[in-house]
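Engineer: First the structure, then my questions, so here it is.
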Amino acid sequence: MTLSKLRELEADSLFSNHSIPILLFTRTTILPMTSLIKPYFLALSPSPTFDPFLKGLYHGARASSVIWIQVYFYGIRTIVLIELGIIIALHLAVSLIPDYLENSRHGWAESESMEFLGEVVGLGMEIITAYLLSKRSHRRRSGNR
């Protein structure tokens, strides 16, 4: 995302002025850090059979960790919830649905089925993150009854 695109987002009424640092921080700091973690995450595999599963699981774990890091630093904001919804929709539209349609026509190889299972578990992690954040954002303080 270019700086001019970020300025366009800033002008939009949906995003507050505090959202731009969140987007910049995510793009410049968090995403490069997650790519450094990938080799260590894949090294956890007990056997080569589990490599595709962990590869599929990595995508969901990465997306969920990026969202939780943003919530830790900035709190729950509208842009974080919108970003999580977009991540879940993209995960379905770009990865899971095309993989399912392609493999259901031509048959499932063992590695393809393990990677698909890992992606489904990763999507489950993203949905659990969305559920927990929606419950967390509507929590009332004990003093406000």
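Count along the sequence shown starting at 1, add 28, and that's the number in the numbering used here. Cβ atoms here follow ideal geometry from the backbone N, Cα and C, with glycine treated the same way. Source: prediction; values computed, not measured.
1) Taking the alpha helix (DSSP H) that P8 belongs to, which residues open and close that run?
2) Taking the Cβ atom as the reference point for each residue, do A89 and G135 lie within a distance shorter than 8 Å?
3) Please name the residue, chosen from R133, Y159, P126 and A158, that lies closest to E147 on a Cα-to-Cα basis.
4) Secondary structure at G152, three-state DSSP: helix, strand or coil?
5) Just verifying my parser: in three-state terms, what is the DSSP assignment at G103?
6) I'd like the list of long-range same chain contacts for S162, defined as Cβ closer than 7 Å, with 5 residues on each side in sequence excluded.
7) Rounded to whole angstroms, how far is the Cβ of L112 from the Cβ of A71, which I believe are closer than 8 Å?
8) The alpha helix (DSSP H) that contains L129, what's its start and end?
9) Using CA atoms only, rank isn't needed, just tell me which of I95, A121 and H119 is closest to L109.
10) Return the Cβ separation of E143 and A91 in integer angstroms, given the expectation that the two are a contact with Cβ distance under 8 Å.
11) Figure out for me which residue from V99, H87 and F78 has the closest Cα to the Cα of G152.
12) Thinking L145 and F81 are a contact (beta carbons under 8 Å), I'd like their distance in whole angstroms, please.
13) Report back the beta-carbon spacing between R164 and I104 to the nearest angstrom; my notes put them in contact at under 8 Å.
Structural biologist: With the given structure in hand:
1) The displayed coordinates of the chain run from 29 to 173. Any statement about residue 8 would go beyond what the structure contains.
2) Their beta carbons are not under 8 Å apart, which means A89 does not touch G135 by this criterion.
3) It is P126.
4) Of the three classes helix, strand and coil, the one that applies to G152 here is helix, per DSSP.
5) The three-state reading of DSSP puts G103 in coil, since its state is none of H, G, I, E or B.
6) When the five nearest sequence neighbours on each side are left out, no beta carbon in the same chain lies closer than 7 Å to the beta carbon of S162.
7) Going by Cβ atoms, the distance from L112 to A71 rounds to 28 Å, so no, they are not a contact pair.
8) Taken as a continuous stretch (DSSP letters only), the alpha helix (DSSP H) holding L129 covers I125 to H134.
9) Per the Cα distances, I95.
10) E143 to A91, Cβ: 16 Å. No contact.
11) It is H87.
12) Contact holds; Cβ gap of about 6 Å.
13) Rounded to whole angstroms, the Cβ separation of R164 and I104 is 6 Å, and the two are in contact under 8 Å.
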